[in-house]
Amino acid sequence: VTVPESVGDENEDLTQQEGPQADERSGSAGLEPGQKRVGALLNALAAATRTFLLYDARNDAVKRTLASLLEAFEAALAAASRIRLEVGPFEIFHEGARVYLDRDRERSLAFKLHRDGVRALVFHEGFGQDQLARLLEILSLRYGGIHQHEDDMVTLLWKAGLASLEVIAVEGFAPETGSADDAFRPEGAAPSTYLPEDVDLPLPDTGAEAPPNWLDIEDGTRAVLREQVAAESLPEDCLRLVTLLARGLQDPMEAMPFSEVRPLAEEIRDFLLCAERAPSLVQFIHVLRALAVTPVPWDEERGRGLAEVVASCGTESAVRRLIHTVPASQRKMRPELVEVLDLACPDPFTAVADALAAEEHASGRAIARQLLEHYGQRRAAVLQQRFVESHGRVAADILRSLARLGGEAAAAFLARQCGHPDPEVREEALWHMERRAYSRAQGPALVEAYRRTRGEDRRRVLALIERSRDRLFVEPLAGLVASGVEEPEEAIALAHVVGRLEGPFGLPRWRPWLTPVGRFLRRRLPGSVVQQAAAAAAVAEIPGDEATRLLERALAGAREEARTWMEPLLQERIHGTGRHAA
Amino acid sequence: MSAVTTLQARLDEALRLSRRSEERELAAWVRDEGHRLAFLLNGLVRGTRLYDLDNDALEASSREMGETLRGLLERLGVVSLVLVQDQAYVNDVRLRVRPAEQPVIDQLVAELARHDAGGLTFHEALGAEALRRLAFAIAGPAEAGGARGLCERLRVLGDVEVSGRWRFRIGKDDSPGSKRYADVLARAGAALQDTLTRLAARRMPNPLRVRRAVIDLVEGLRDRPERAALAPFTGPAGSQERHPLSVCQLALMLGRSLGLSEAALSDLGVTAMLHDVGYITRPDPGGHALAGARILARQRGFGEAKVRRLLAVLEHHEGYLDMSREDPSPGLVARILHVAEHYDLMVASGADAAPKLTPPAALARMWAGRGSEYDPILLALFAQEMGLYPPGTLVELSDGSAAVVLRAGRSRERFARPVVARLETGKPAGGHAHEDPLAQEEGLSVGRVLDLRSAGPELRSAAEAILRAAVEE
């Protein structure tokens, strides 16, 4: 445990002036311009580091903070090729002036550095983006809290080997427990004789001695060996470790209970719970399952423990991690993910659906949808139910999965959602409907969707209906016109579609609306102006002279208001701009 | 892609890889559970002043505290409740208390302060009764000896440590440590001893102190790798730290020759320092590898270094090509340790029972196992660093004078012509490292190898003095 230091030696004046929770920073009064720049840089650095605790690194807030930090670094290092910072418990000094102060232990950059033994930092010219990324990573990790790792800020910075950042740290650092009194050390057997006389004996017998000679070793040969301790080989090493420990667990001489290594197994599981490491995760699960097959007398709890660890690879949070870690550039489901879920998850479908609900990134959602499609193949009804229970983006995602399942039922379901009250779902449904072939199962749903939508969405539904060329739509749509659509534009749009779908067969339907009734000066078209305009629009879509004559007669008998709608339709037809120009 | 976007993408990837165990989630959980633990403890302490220990009034809260503690231990391995002035921390996580709750923390601080204590570290779960007794001890009168007295009283209850009051380490504490190699070695030995002591007491492994020492060693060997080659002869003879320290330095030398980064070297060095830790619980050579892994596996928190360390501890006795084994060769770290360890055991004048050979004989014996027992590339690199007459070898030069090898020539041409220092008994040992008679005197060569152990005491003493001086220079 790293020491949460006492503040007993703090400058009293500062303590009185500023409360511990305040985000205090030194005022810039009296500072030279260079010091102000460095102060701004440190505040930006502290802010960026904290940002990672609050937001995902891909968040826009992080982007803004990083932009501000890069700018601050460029400004500070452009003005001075070397920036030396002295680190105090809560403050940081530059050229003798305090340029940063924050007493809040959770927020303070100075506190985190000082706690780990850093006493000065020197930034040199050339400290660029790469080194900044590494520094931020280290700082944000050490802001993270739980001190379970074996590194502190100083060792991490040392290991990072930042060429343009010099770290001056105290030797010996803070003791682990912070105890000022060594008397509280553990009483366990001091291993003064822990190495026996026959340590590591017998040594291997290699036969006769053979004097060595100089052998040139190519750089490439060394590089191949070095790769064995590269980060990329860690999953393999984890598997190997688990395999060797599994052997130890089976050894009656050791009588080792699984509980002893379970935390380690869970840590390895957490590491392997990543899309890129899914193949190793599959192997990991196989090792644990194989171990569970043979019960051992010294560990009755083993089977249960192993089963729990295996099951934990398929929980909703595990699935969420698996899909969340898919690189943004890759949106294709890997078969290993399915394999993991099949091995570990009692109900992969539900786990994936839950994970999809929680996932925010597009790439992760894409993977989740594909998994959902995989597991939803035979559970379309359950998937539909899940859709009904969801809303917004999640519902839209599920709908996309449903759309890809195919089949008549899915098509009808999708069509119904074109009139969904949620605009995200509606958009998703329309998008798919516009890109898939029409089937009759969609018919009634599209009419219903037409009724439920307005504006642009309604126009898109109508376009879908028109594209279907299905005359089954004629009666319901014509019925809508007849039942009294209030807006002429809408009635005309509907009638256009009906006219196109029905063709010449539609003339008898519209003739009564366009045939004047009454005698002499009282001859007038029947019905409302909207109905007259709609009838004219429908007839305008019907090819042939008969339709043209009908329109001409109707126009002659129409009132002024109706003529404004009907005249352009006739003109288009006569002068060749309409679909069925004379 | 803009610089910011590139930076953002890099950080995203780096943090994703680093935060393998969802530290943020864990921190939030520790904060909540730690809060519960601190408040329950305070309640128990105050309750024991009002009720007898077997009173039902204390039963529920002590049971709840026991469950909370057990839960924390399961995930963290060790639970440290630390109180600093008006604040409380559990394993580095500061507990957030509302203003109305602050008096509770103040009370707990005051209760422990009466014993001159500032925190409690639980290494194992305690039952309800033990926790009531713990609270009773804290509520009781301050013992003579302050925190130490309280610690003594708690010892019978279980594995609980009491820490002194917390303070900032400033002022004189901040003086940087000496970078003299002898001091670096001494600190490394002390760090190892301290770590072993804690491990022997079944404390949670925390290699941080050893790592700091290893970092100093890496730096100390950066420009003087021959110091490592001399480690088997210049270490603290007879001490338990000699072997691991020597193996550590030899492994670092070999790792550097391989071109490992300093970060990888520090991981390798920590592993080398702890590779035989299994002997703490299993004194037989056959079982100490798994025993060591079992001890080190208690360390919490995932890390690349930890995984490779455990693997190397398990495999460091495996030969390069063991046909009886189903697996491929041991990992790289284990193979490096295998070379370093065997060389050290064969040449060092330790108290162990390994057959002792001169350095050239030891290297020749290992060379015979090149490709079967030892990784051929690693052994070739090791031989490059050591030469035909490894540092520490006592030789008779062709002119009849005795000399000790200080460092290898590190080239094909000088493979059999190392840098040596002539031994002149009765003279001070300084200044020999700059001499190089085999390069300077035409026709001079190594005549034969002498055994340092059977050499006369004066010659031996002179050789050892020169070697020590060579390490120190």
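Chains A and B supply the protein sequences, listed in that same order.
Using the working numbering, the letters of the first sequence map in sequence onto residues 1 to 582.
Using the working numbering, the letters of the second sequence map in sequence onto residues 1001 to 1473.
Beta carbons are placed, not taken as given, at the ideal position from N, Cα and C, and that holds for glycine.
> Going by DSSP, what residues sit across from LEU121(A) in a beta bridge?
Replying inline: As a working mapping, residue 121(A) is identified with position 121 in the first sequence. Answer is LEU85(A), VAL167(A), bridged to LEU121(A).
> How many Å lie between ARG1133(B) and GLU1124(B) at the Cα?
Replying inline: Counting from 1 along the second sequence, the entry for residue 1133(B) is found at position 133. Counting from 1 along the second sequence, the entry for residue 1124(B) is found at position 124. Just so you know, the alpha carbons of ARG1133(B) and GLU1124(B) end up roughly 15 Å apart.
> To the nearest angstrom, how far is it from the Cα of SER1163(B) to the Cα of GLN1299(B)?
Replying inline: Reading the second sequence from its first residue, position 163 is the one you call residue 1163(B). Reading the second sequence from its first residue, position 299 is the one you call residue 1299(B). A direct Cα-Cα distance of roughly 21 Å separates SER1163(B) from GLN1299(B).
> Roughly how many whole angstroms lie between the Cα atoms of TRP158(A) and ALA1264(B)?
Replying inline: Mapped onto the first sequence, residue 158(A) falls at position 158. Mapped onto the second sequence, residue 1264(B) falls at position 264. One C-alpha to the other measures close to 11 Å.
>> Please report whether the beta-carbon of SER1021(B) lies at a distance below 8 Å from any beta-carbon of chain A.
In response: Counted from its first residue, the second sequence places residue 1021(B) at position 21. Low local confidence applies: a pLDDT of 44 at SER1021(B) is under 50, so the model's placement there is unreliable, with the coordinate-based value given in what follows. When Cβ-Cβ separations below 8 Å define contact, SER1021(B) makes contact with chain A.
> Pairing CB atoms from the stretch 263-274 of chain A with CB atoms from the stretch 1329-1345 of chain B, are three or more of them under 8 Å?
Replying inline: These segments do not touch.
> Of the choices VAL1160(B), ASP1106(B), PRO1390(B), SER1349(B), whose alpha-carbon is the least far from that of LEU1120(B)?
Replying inline: Residue numbering aside, residue 1120(B) sits at position 120 when the second sequence is read from its first letter. When each option's Cα is compared against that of LEU1120(B), the closest is VAL1160(B).
> Do the CB positions of ARG1036(B) and ALA1128(B) come within less than 8 Å of each other?
Replying inline: Here residue 1036(B) corresponds to residue number 36 of the second sequence, with the count starting at 1. Here residue 1128(B) corresponds to residue number 128 of the second sequence, with the count starting at 1. No, they are not a contact pair.
> For chain A, is any of its Cβ atoms less than 8 Å away from the one on VAL1004(B)?
Replying inline: Sequence index remark: in the second sequence, residue 1004(B) carries index 4 (1-based). With 8 Å as the cut-off, VAL1004(B) counts as an interface residue toward chain A.
>> Judging by CA-CA distance, which residue of VAL388(A), ARG451(A), ALA403(A), TRP431(A) is the nearest neighbour of GLY419(A)?
In response: One-based indexing of the first sequence puts residue 419(A) at position 419. For GLY419(A), the nearest C-alpha among the options comes from ARG451(A).
> Taking Cβ to Cβ, would you say LEU1311(B) is nearer than 8 Å to ALA1334(B)?
Replying inline: On the second sequence, position 311 is the one that residue 1311(B) refers to. On the second sequence, position 334 is the one that residue 1334(B) refers to. In this structure, ALA1334(B) lies closer than 8 Å to LEU1311(B) by Cβ.
> What beta strand (DSSP E) runs, 3 residues minimum, are completely inside the stretch 1069-1115 of chain B?
Replying inline: Listed in chain order, the complete beta strand (DSSP E) runs (minimum 3 residues) inside the stretch 1069-1115 of chain B are 1079-1084, 1087-1090.
>> So if DSSP puts GLY1119(B) in a beta bridge, which residue, or which two residues, is it bridged to?
In response: By 1-based counting over the second sequence, the position of residue 1119(B) is 119. The partner list for GLY1119(B) (beta bridge, DSSP) reads VAL1082(B), SER1163(B).
>> Within a Cβ cutoff of 7 Å, which residues of the same chain sit near SER1246(B), ignoring the five residues on either side of it in sequence?
In response: Residue mapping note: residue 1246(B) aligns to position 246 of the second sequence, counting from 1. Annotation for SER1246(B): ALA1231, PRO1232, GLY1235, ASP1344, ALA1348 place their beta carbon closer than 7 Å to its own, counting only its chain and skipping 5 residues before and after.
> Once you ignore the five residues that flank SER164(A) on each side, which residues in its own chain have a CB closer than 8 Å to its CB?
Replying inline: Walking along the first sequence from the start, residue 164(A) turns up at place 164. The answer, listed in chain order, is PHE123, HIS124, GLU125, GLY126, PHE127, GLY128, GLN131.
> Exposed or buried, which one is THR1005(B) when buried takes at least 16 other CB atoms within 10 Å?
Replying inline: Taking the first residue of the second sequence as 1, we reach residue 1005(B) at position 5. Exposed: under 16 other Cβ atoms inside 10 Å.
>> For chain E, check one thing: does any of its Cβ atoms lie closer than 8 Å to the Cβ of ILE217(A)?
In response: Absent from the structure is chain E; the protein chains it does hold are A and B.
>> Could you tell me which whole beta strand (DSSP E) segments of length 3 or greater appear in the stretch 475-509 of chain A?
In response: Taking only runs of at least 3 residues, no beta strand (DSSP E) segment lies wholly in the stretch 475-509 of chain A.
> Within 10 angstroms of its Cβ, does THR294(A) collect 16 or more other Cβ (buried), or is it exposed?
Replying inline: As a working mapping, residue 294(A) is identified with position 294 in the first sequence. Exposed, since its Cβ has fewer than 16 Cβ neighbours within 10 Å.
> Hey, does GLY248(A) have any beta-carbon neighbour from chain B nearer than 8 Å?
Replying inline: In the first sequence, the residue the question calls residue 248(A) occupies position 248. Any Cβ of chain B closer than 8 Å to the Cβ of GLY248(A) would place that residue at the interface, and such an atom is present.
> If we cut at 8 Å on Cβ distances, does GLU427(A) have a partner in chain B?
Replying inline: Counted from its first residue, the first sequence places residue 427(A) at position 427. So, not an interface residue.
> Near GLY1043(B), which residues of its chain fall below 7 Å by C-beta distance, leaving aside the five closest residues on each side in sequence?
Replying inline: Sequence index remark: in the second sequence, residue 1043(B) carries index 43 (1-based). Taken in chain order, the residues that qualify are SER1061.
>> Quick check: what's the CA-CA separation for GLN21(A) versus ALA40(A)?
In response: The count along the first sequence starts at 1 and reaches residue 21(A) at position 21. The count along the first sequence starts at 1 and reaches residue 40(A) at position 40. Low per-residue confidence applies at GLN21(A): pLDDT is 33, beneath 50, and the placement is therefore not dependable, though the value from the model is reported in the following sentence. Between GLN21(A) and ALA40(A), the C-alpha separation is close to 21 Å.
> Got a sec? Which residues, its chain only, sit under 6 Å from HIS1317(B) by beta carbon, not counting five neighbours each side?
Replying inline: Within the second sequence, the letter at position 317 stands for residue 1317(B). Non-local C-beta neighbours of HIS1317(B) in its own chain, meaning closer than 6 Å and more than five positions away in sequence, comprise ALA1289, ordered along the chain.
>> Please tell me whether LEU1394(B) and LEU1450(B) are closer than 8 Å, where the distance is taken between their beta carbons.
In response: If you number the second sequence from 1, residue 1394(B) lands on position 394. If you number the second sequence from 1, residue 1450(B) lands on position 450. When the beta-carbon positions are compared, LEU1394(B) and LEU1450(B) come within less than 8 Å of each other.
>> Considering only their Cβ atoms, is the gap separating ALA1408(B) from GLU1385(B) smaller than 8 Å?
In response: Translated into the one-based positions of the second sequence, residue 1385(B) becomes position 385. Translated into the one-based positions of the second sequence, residue 1408(B) becomes position 408. Taking 8 Å as the Cβ cut-off, GLU1385(B) and ALA1408(B) qualify as a contacting pair.
>> Please list, in chain order, the chain A residues whose beta carbon lies closer than 9 Å to that of GLU1262(B).
In response: To locate residue 1262(B), count along the second sequence from 1; it is residue 262. Listed along the chain, the chain A residues whose CB falls inside 9 Å of the CB of GLU1262(B) are TRP158, LYS159, GLY161.
>> For VAL1079(B) and PHE1039(B), which I take to be in contact (beta-carbon distance under 8 Å), what is that distance rounded to the nearest angstrom?
In response: Along the second sequence, one-based indexing puts residue 1079(B) at 79. Along the second sequence, one-based indexing puts residue 1039(B) at 39. So it is not a contact: roughly 15 Å between Cβ atoms.
> Whose CA, out of ILE217(A), ALA210(A), GLY117(A), GLU236(A), lies closest to the CA of LEU1208(B)?
Replying inline: Along the second sequence, read from residue 1 onward, the residue named residue 1208(B) stands at position 208. Nearest in C-alpha terms to LEU1208(B), of all of ILE217(A), ALA210(A), GLY117(A), GLU236(A), is GLY117(A).
>> Please classify PHE505(A) as buried or exposed, where buried requires at least 16 neighbouring CB atoms within 10 angstroms.
In response: As a working mapping, residue 505(A) is identified with position 505 in the first sequence. Taking every protein chain shown into account, the CB of PHE505(A) has fewer than 16 other CB atoms within 10 angstroms, so this residue is exposed.
>> At 3 residues or longer, what runs of the beta strand (DSSP E) sit wholly inside the stretch 1222-1252 of chain B?
In response: Complete beta strand (DSSP E) runs here, min 3: none at all.
>> According to DSSP, is PHE1382(B) part of a helix, a strand, or is it coil?
In response: Translated into positions along the second sequence, residue 1382(B) becomes position 382. Judged by DSSP in its simplified three-state form, PHE1382(B) adopts helix.
>> Check whether chain B comes within 8 Å of PHE284(A), counting only Cβ atoms and requiring the distance to be less than that.
In response: Counting from 1 along the first sequence, the entry for residue 284(A) is found at position 284. Look at PHE284(A): its C-beta is not under 8 Å from any C-beta on chain B.
> Anyone know if the C-beta pair for LEU1058(B) and GLY1066(B) falls short of 8 Å?
Replying inline: By 1-based counting over the second sequence, the position of residue 1058(B) is 58. By 1-based counting over the second sequence, the position of residue 1066(B) is 66. No, the pair does not count as a contact, with Cβ atoms beyond the cut-off.
>> Nearest by alpha-carbon distance to PHE306(A): which of PHE93(A), GLU456(A), VAL326(A), ALA344(A) is it?
In response: Locating residue 306(A) in the first sequence gives position 306, where the first residue counts as 1. Strictly speaking, residue 306(A) in this sequence is Leu, with Phe absent from that position. Residue ALA344(A) is the option with its Cα nearest to LEU306(A).
> Roughly how many whole angstroms lie between the Cα atoms of ARG509(A) and GLY407(A)?
Replying inline: Taking the first sequence and counting its residues from 1, one reaches residue 509(A) at position 509. Taking the first sequence and counting its residues from 1, one reaches residue 407(A) at position 407. Going from the Cα of ARG509(A) to the Cα of GLY407(A) covers about 35 Å.
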